[in-house]
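Numbering (this note's numbering), first residue to last: 17 to 144.
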């Protein structure tokens with residue numbers, strides 16, 4: 017099977033990370049995971065994912081702060097980032113607008129995850 021794309025999930029919740037990975041792999045994506053904000057820039061740089069699914073609420077360094085670090089690094093600044101959180105959708109929408117992330121997906125609904133991620137990937141990889 018040809019991969020639908022390479023996705024890196026960064027989330028501090030191991031159970032959620034595993035379940036999200038399973039959902040996306042079943043959909044045909046190549047998935048890598050990282051459980052901490054620290055070290056994530058190196059992972060993004062080395063892996064060169066098509067998209068990063070980034071948890072907003074992580075201990076030590078928030079997803080928003082990590083996003084700023086990605087944008088400050090010339091090797092990671094152009095990687096599309098989707099905020100992925102159980103935060104209120106209005107708060108997620110505001111974060112996306114303020115920081116310039118590619119979009120957001122709310123946690124908790126696998127069907128919504130599949131649908132929205134497929135749409136984002138079509139935008140990023142037209143014709144793929």
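Beta carbons: idealized from backbone N, C-alpha and C, even for Gly.
- The residue from 57, 19, 94 with its alpha-carbon nearest to that of residue 26 is 57.
- Inclusion of residue 79 and residue 67 in the CB contact set at 9 Å is not warranted, their separation being larger than that value.
- Beta-bridge analysis with DSSP links residue 131 to no other residue.
- Residue burial is scored here from C-beta neighbours: residue 133 has at least 16 other C-beta atoms within 10 angstroms and is therefore classed as buried.
- If the five residues before and after residue 43 are omitted, its C-beta is found closer than 7 Å to the C-beta atoms of 20, 130, all from its own chain and listed in chain order.
- Below 8 Å, enough C-beta pairs join the stretch 28 to 38 and the stretch 47 to 61 to call them touching: three or more.
- Bounds of any beta strand (DSSP E) do not take in residue 118, whose DSSP letter is neither H nor E.
- The three-state reading of DSSP puts residue 43 in coil, since its state is none of H, G, I, E or B.
- CA-to-CA, the gap between residue 65 and residue 139 works out to about 15 Å.
- Residue 121 and residue 29 have their C-alpha atoms spaced approximately 16 Å apart.
- Counting only the Cα atoms, residue 62 lies some 13 Å from residue 23.
- A distance below 9 Å separates the beta carbons of residue 102 and residue 73.
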